[in-house]
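This is the structure in structure tokens:
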């Protein structure tokens, strides 16, 4: 197992639901061994993590702070390149491409298409590796954009990038000294901008896929535990871990 895979596995284990499961397992083992104090502490922390992550109060507050850091792209600003960061997909030929691409990829590609309509002479650069799939995320996004009317010659693919840092590194030579629109999820945008600027690039943020999007009073039922809130908490925690890792790495440079 290389460091990249280890980083991904550790990140997955540290998400709210796996942590709850681990703590519950510890509590169960402690109860079987008549360690009631340990069982109570582990069970209580598991319940606390579940309530914090599954109700909207903390996830909405914490994630909105990240998602609102950059405003939506100003369509009056012309660019020569639109960079779409990769996300996730699966290759199942029996499904339409809109089902093979995960929502994060689908929304990012749609936002790139929207920007392209205002910059028809621009080049769209799609990034993302294949991982365990037959085709890369970049290739899948290109197929989608072509099917939606973008000329194939206006699309460049970068298939060797497994994460955001590799995307910034691999595109640094191509986009050196150029201003370009950077399309990714709003929660992912602060870390992406940080990495691209570290490699001397000049991106203009074009955030999309905002998860916190309420306005006004919400029904009481929305304050009950919900899997959507857990998803928001996971996004916030994932980006917090990512930013923390970048900070730790900077200490040793």
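In our numbering, the protein residues as written are 348 to 600. For each residue, glycine too, the CB sits at the ideal point set by N, CA and C.
Shown here, residue 568 sits in a helix according to DSSP, grouped into three states.
Between the C-alpha atoms of residue 425 and residue 571 there is a straight-line separation of about 44 Å. Here residue 471 is buried. Its C-beta has 16 or more other C-beta atoms within 10 Å.
Contact check for residue 531 against residue 455 passes: the beta carbons are separated by less than 8 Å. In this structure the segment 444-462 does not lie against the segment 559-568, because fewer than three pairs of beta carbons, one per stretch, are closer than 8 Å. In this model, residue 439 and residue 540 are separated by some 33 Å (Cα to Cα). DSSP, read as helix, strand or coil, puts residue 439 in coil. One thing to note: residue 429 has its Cβ within 8 Å of the Cβ of residue 466.
For the beta strand (DSSP E) assignment, the uninterrupted runs of no fewer than 3 residues enclosed by the segment 467-538 are, from N- to C-terminal side, 470-474, 502-505, 526-532.
Counting other Cβ atoms within 10 Å of its Cβ, residue 420 reaches 16 or more and is therefore classed as buried. Only residues of its own chain outside the window of five on either side were considered, and among them 438 have a CB closer than 6 Å to the CB of residue 481, listed in chain order. Here DSSP, grouped into helix, strand and coil, assigns residue 402 to coil. In this structure residue 520 is exposed. Its beta-carbon is surrounded by fewer than 16 other beta-carbon atoms within 10 angstroms.
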